[in-house]
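Read in order, the letters of the sequence shown correspond to residues -20 to -1, 1 to 93 in mature numbering (1 follows the signal peptide of the UniProt record, and there is no 0). By construction, the Cβ of each residue, glycine as well, lies at the ideal position given by its N, Cα and C atoms.
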Amino acid sequence: MLKFGSLVLVATAFVFVACSGGTPKCSDEITKNLVIDIAKDELTSQGMSYLIPLLKFEVDTIRTTKYDKNIDRYECAANFIMTGENDTSTLPITYTVESTDKKDEFYVNVYGF
């Protein structure tokens, strides 16, 4: 089974948010989906895009470790699970979720892939 290197790597993505409900929380679907998209992008950048259709990705055991209400920023920890036909790998990851100045988009930075 594929394992991401132990090297700490930062992956960043942003998305436009249609609603004005503030920054999505650590466990919101839009946040989890973006973390998974970042993982897929990382696999692609490592030349392993052929694995993407063979794996199921999941963000599990999500914890909000810090919230800064002054800047509406969440710090999160979770287990990133990759399940293949015969094996499962779990990586502990951390990530942040924060709004941009435009307030209709947000950034997710993932550490640990």
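1. Tell me which residues share the same chain as L23 and place their Cβ nearer than 7 Å to its Cβ, disregarding the 5 neighbours each side in the sequence.
2. For I10, which residues in the same chain have their Cβ closer than 6 Å to its Cβ, ignoring the five residues on either side in sequence?
3. So which of F93, Y91 and V39 has the shortest CA-CA distance to N13?
4. Pick from K46, G64, T63 and K82: whose alpha carbon is nearest that of A57?
5. What first and last residue would you give for the beta strand (DSSP E) that runs through K46?
6. Would you mind sorting F(-5) into buried or exposed? The rule is 16 or more other CB atoms within 10 Å of its CB.
7. If you draw a straight line from the alpha carbon of T80 to that of K36, how long is it in whole angstroms?
8. Please state whether the Cβ-Cβ distance between S69 and T44 is less than 9 Å.
9. Could you tell me the distance, in whole angstroms, from the CA atom of D67 to the CA atom of I16?
10. Which whole-angstrom value describes the C-beta separation of V77 and V88, a residue pair presumed to lie in contact below a C-beta threshold of 8 Å?
With the structure as the only source:
1. What you label residue 23 is simply residue 43 of the sequence shown in a count that begins at 1. Counting only Cβ-Cβ distances below 7 Å, and skipping sequence neighbours, we find S29, L31 and I32.
2. Taking the sequence shown and counting its residues from 1, one reaches residue 10 at position 30. Same-chain partners within the cutoff: P4.
3. The residue given as residue 13 occupies position 33 in the sequence shown. Cα-wise, what sits closest to N13 is V39.
4. The residue given as residue 57 occupies position 77 in the sequence shown. For the residues K46, G64, T63 and K82, the minimum Cα distance to A57 belongs to K46.
5. Position 66 of the sequence shown holds residue 46. K36 to D48 is the span of the beta strand (DSSP E), which, as asked, contains K46.
6. The residue you call residue -5 lines up with position 16 of the sequence shown. Confidence in F(-5) is poor, its pLDDT being 48 and thus under 50, which makes the residue's placement unreliable; the coordinate value appears in the next sentence. Exposed, since its Cβ has fewer than 16 Cβ neighbours within 10 Å.
7. Here residue 80 refers to the residue found at position 100 when the sequence shown is read from its first residue. Here residue 36 refers to the residue found at position 56 when the sequence shown is read from its first residue. Taking the straight line from one Cα to the other gives about 30 Å.
8. For the purposes of this step, residue 69 is taken as the residue at position 89 of the sequence shown. For the purposes of this step, residue 44 is taken as the residue at position 64 of the sequence shown. For the pair S69 and T44, the CB atoms are not nearer than the 9 Å cut-off.
9. Numbered from 1 along the sequence shown, position 87 holds the residue referred to as residue 67. Numbered from 1 along the sequence shown, position 36 holds the residue referred to as residue 16. Approximately 18 Å between the Cα atoms of the pair.
10. Indexing the sequence shown from 1 puts residue 77 at position 97. Indexing the sequence shown from 1 puts residue 88 at position 108. That belief holds up - the Cβ atoms of V77 and V88 are roughly 5 Å apart, short of 8 Å.
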